[in-house]
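Trainee: Residue numbers (the numbering used here): 6 to 229. Even for Gly, the Cβ is constructed at its ideal location relative to N, Cα and C.
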């Protein structure tokens, strides 16, 4: 009986290769989704990048950092020396080390000397300028009054003025007119000057002429 020849090729069919690629894509998608949900590396503290060599005033910044560390060490030693007389009393009463909390505080002080200190070291070395708000106020520095106390209300201001300036919007002047102001101007025989606050060139000429004629017609003191 003839023997069956063993397969020597690992070549797969097109359908098998497509199924394999589909499984690999699903596996990678699942791994990416699990990596997003994994909180393992999200709480990692970023490493201190240090001071680059091309940063100006690098020597001054390093000297300032070393000076701050020296002052922190001296402050730590001073706190320990001030707590030494109370060590026996607190130790005999509670049996705890009173310097434990002090060490934790000192560790926090040492940890604070990092990137923030590097960034603000040069700013601290500059001479401080006095704020203008800290200077005492004198009689010459009083703020000027924005309102004339002799004119407390609108009626007094209208009576005091000989010419009234009427500010309108050129795009729609009739909507911004006030019949009360125009009637007061007619009663008190005041000159009323219209001022357009928008460029008339963007308004159609026929509309601007119509509004001007309507305003002159309503006021007897203005020529038509």
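What three-state label does DSSP hand residue 163 in the structure shown?
Mentor: Translated into positions along the chain shown, residue 163 becomes position 158. In this structure, residue 163 counts as helix in the three-state DSSP scheme.
Trainee: Should residue 2 be labelled buried (16 or more other beta-carbon atoms within 10 Å of its own) or exposed?
Mentor: Residue 2 is absent from the model: the chain starts at 6 and stops at 229.
Trainee: Can you tell me whether residue 60 is helix, strand or coil according to DSSP?
Mentor: As a first step, residue 60 is located in the chain shown; it is residue number 55 there, counting from the start. Of the three classes helix, strand and coil, the one that applies to residue 60 here is coil, per DSSP.
Trainee: For the putative contact between residue 159 and residue 189, defined by C-beta atoms under 8 Å, what is the C-beta separation to the nearest angstrom?
Mentor: Counting from one through the chain shown, the residue named residue 159 turns up at place 154. Counting from one through the chain shown, the residue named residue 189 turns up at place 184. Not a contact, Cβ separation roughly 10 Å.
Trainee: To the nearest angstrom, report how far apart residue 170 and residue 61 are at their CA atoms.
Mentor: For the purposes of this step, residue 170 is identified with residue 165 of the chain shown, where counting begins at 1. For the purposes of this step, residue 61 is identified with residue 56 of the chain shown, where counting begins at 1. Roughly 60 Å between the two C-alpha positions.
Trainee: Alpha helix (DSSP H) containing residue 36: first to last residue?
Mentor: Indexing the chain shown from 1 puts residue 36 at position 31. Residue 36 -> alpha helix (DSSP H) spans 19 to 42.
Trainee: With 16 other CB atoms within 10 Å as the buried threshold, where does residue 7 fall?
Mentor: Counted from its first residue, the chain shown places residue 7 at position 2. Exposed is the call here.
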